[in-house]
Amino acid sequence: SHLANKSPHGGDDKPLDTHEAMRLYERSAKLGCPSAMNNLATMCQELGAEASDEEEAKAYYKRAFDSLFEGAEAGWHLAQRNLAMFYTEGVGAEVNIVEARRWMREAAAQLDVQAAFRLSGLLAFHPDFSKDADVEEGVWWLERSAEAGSRDAQLVLSGQLMSREGPVPQDMAAAELWLERAARGGSDVACYQLAKLLHKQGRNEESDRARGRIGAQFRPPADEPLEICWLDCRAAAKERELIAGDELVDPVMIANIQDLRLRQRALQAAIVEAGERGLAEVMFQLHLDIGQCFLLSQKLDMAESLFQDLFGLCSELGGGDAAVSLRQAIVRNNFAVSVLRLQEKWTEAEYELIQALLECERMRGEHDEMMLGISGNLALIRMSLSESRVDTR
């Protein structure tokens with residue numbers, strides 16, 4: 160079996176020799192080697208998938224099934240798991256859910272974590288087998304496989320815990336814990352789902368942290384893209400507290416005005432008032448809100464012009480180097496994820512986000528949460544940049 164494992168790949172100077180590998184696997188299988196039986200079945204399945212003739216394909220699948228059956232009866236957990244999948248999918252034999260569960264349970268009992276996860280689906284969560292489902296046992300195996308470290312199980316369990324309908328009682332706190340555990344295990348999907356969950360709960364800083372952990376190659380589902388992080392000036396809220404009760408320069412109150420034209424007028428009036436009162440951060444936030452007004456009204460040219468003005472305003476408002484760097488980081492981030500993203504200027508957007516991160520670094524770690532949000536945006540922009548380069552080849 161050891162020689163057969165080498166044969167399909169060949170040596171440095173040897174060509175691929177599938178038939179020789181099969182001969183060696185068959186010889187090892189006849190000597191009673193369960194792993195050879197499983198590997199022979201895998202090779203036959205691959206040959207069946209590549210066969211151009213239907214009868215030839217069926218013969219390979221039947222040969223694969225028979226080899227797996229031998230390996231499963233010999234007690235090899237991989238053969239048991241794969242045999243169960245053959246029964247589930249009707250490969251080399253008729254679909255037989257009873258036999259599929261039997262062999263998957265045999266593999267799971269040998270601490271095959273993937274088999275335990277698949278068994279949970281066969282028992283409780285598979286839509287084709289819902290009539291004779293065993294929900295209680297299925298949930299038990301799902302929890303065991305999640306506890307044993309299966310990221311797939313952790314993701315499914317978290318989804319069940321977030322659902323209002325299903326075999327598992329809803330528990331958002333437990334769902335968050337399982338998503339965090341899967342995220343720590345390296346699952347980009349878990350990071351993505353965790354970011355969504357935290358965002359829905361209004362825990363934006365924690366959501367930004369989760370977004371920042373998503374790998375650059377991750378692609379969110381097309382029907383539910385991860386939201387881009389728009390940054391607000393948090394210093395404006397503190398400054399606003401100094402004049403509590405005056406709605407004229409309250410960005411939050413003005414943002415609730417549904418009519419965009421009326422909101423824009425209110426923002427412009429508030430900017431004048433904030434300037435007269437010396438409320439620099441409130442004034443800056445109101446400018447950001449006008450930019451969003453332009454974007455919602457699809458006035459991209461006006462939004463771009465406003466952002467260019469904001470770059471100059473960052474310095475004019477004063478407050479020291481740290482305050483200027485903070486404003487610059489916010490403007491660069493928001494300009495990149497709004498105007499440049501809508502214009503599909505991915506390289507320019509990437510540049511602005513990198514500059515935003517540099518502005519954050521000048522603040523000596525005072526705004527780590529903001530850096531995580533910007534880093535998450537940069538990862539998403541780089542995905543689009545990579546896709547645009549592929550499209551133009």
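Just so we're aligned, residue 160 is where the sequence shown starts under the numbering used here, counting upward by one. In this text, a Cβ means the ideal position worked out from N, Cα and C, and glycines have one as well. Just so it is clear, the structure is predicted and the values come from calculations on it, not from any experiment.
**Report entry** DSSP three-state assignment for TRP262, whether helix, strand or coil
**Finding:** In the sequence shown, counting from the first residue as 1, residue 262 sits at position 103. Helix at TRP262.
**Report entry** Buried/exposed call for GLN313, threshold 16 Cβ in 10 Å
**Finding:** To locate residue 313, count along the sequence shown from 1; it is residue 154. By the neighbour-count rule (16 or more Cβ atoms within 10 Å), GLN313 is buried.
**Report entry** Pair within 8 Å by beta-carbon distance, VAL272 and GLY230
**Finding:** Stepping through the sequence shown from its first residue, residue 272 is reached at position 113. Stepping through the sequence shown from its first residue, residue 230 is reached at position 71. Between VAL272 and GLY230, the C-beta gap is not smaller than 8 Å, which leaves the two residues out of contact.
**Report entry** Reduced DSSP category for SER474 - H, G, I as helix; E, B as strand; rest coil
**Finding:** As a working note, residue 474 is residue 315 in the sequence shown. Reduced to three states, the DSSP call for SER474 is helix.
**Report entry** CA nearest to the CA of CYS203, picked from CYS192, LYS221, SER187, ALA274
**Finding:** As a working mapping, residue 203 is identified with position 44 in the sequence shown. That would be LYS221, whose Cα lies nearest to the Cα of CYS203.
Query raised in the report: Going by the CB atoms, is the gap between ILE540 and ALA508 shorter than 8 Å?
Result: Position 349 of the sequence shown holds residue 508. Position 381 of the sequence shown holds residue 540. Contact flag set, yes.
Query raised in the report: So which of ARG343, LEU278, LEU353, ALA305 has the shortest CA-CA distance to ALA259?
Result: Against the sequence shown, residue 259 aligns to sequence position 100. Closest option to ALA259, Cα to Cα, is LEU278.
Query - Span separating the alpha-carbon of ASP212 from that of ALA223 - result: As a position in the sequence shown, residue 212 is number 53, starting the count at 1. As a position in the sequence shown, residue 223 is number 64, starting the count at 1. A straight-line Cα-Cα distance of about 17 Å links ASP212 and ALA223.
Requested in this report: Could you check the C-alpha separation between LEU485 and TRP505 for me, to the nearest Å?
Outcome: Here the question's residue 485 lines up with position 326 in the sequence shown. Here the question's residue 505 lines up with position 346 in the sequence shown. Distance between the alpha carbons of LEU485 and TRP505: 23 Å.
Requested in this report: May I ask which residues mark the beginning and end of the alpha helix (DSSP H) holding ASP367?
Outcome: Indexing the sequence shown from 1 puts residue 367 at position 208. ASP367 -> alpha helix (DSSP H) spans 363–371.
Query raised in the report: At what residues does the alpha helix (DSSP H) containing ARG323 begin and finish?
Result: Position 164 of the sequence shown, counted from the start, is the residue given in the question as residue 323. No alpha helix (DSSP H) holds ARG323; DSSP gives it neither H nor E.
Query raised in the report: What three-state label does DSSP hand GLU335 in the structure shown?
Result: The sequence position of residue 335 within the sequence shown is 176, counting from 1. Looking at GLU335 - three-state DSSP - the assignment turns out to be helix.
Query raised in the report: Hey, ALA349 and ARG370 are a contact pair by Cβ (cut 8 Å); roughly how many whole angstroms apart?
Result: Taking the sequence shown and counting its residues from 1, one reaches residue 349 at position 190. Taking the sequence shown and counting its residues from 1, one reaches residue 370 at position 211. That pair is no contact at about 12 Å.
Query raised in the report: Unbroken alpha helix (DSSP H) runs of length 4 or more, entirely within the stretch 480–510: which are they?
Result: DSSP runs (the alpha helix (DSSP H)) wholly in the stretch 480–510: 480–494.
Query raised in the report: Around the Cβ of ALA268, are there at least 16 other Cβ atoms within 10 angstroms (buried) or fewer (exposed)?
Result: Taking the first residue of the sequence shown as position 1, residue 268 is located at position 109. Looking at its Cβ environment, which holds fewer than 16 other Cβ atoms inside 10 Å, ALA268 is exposed.
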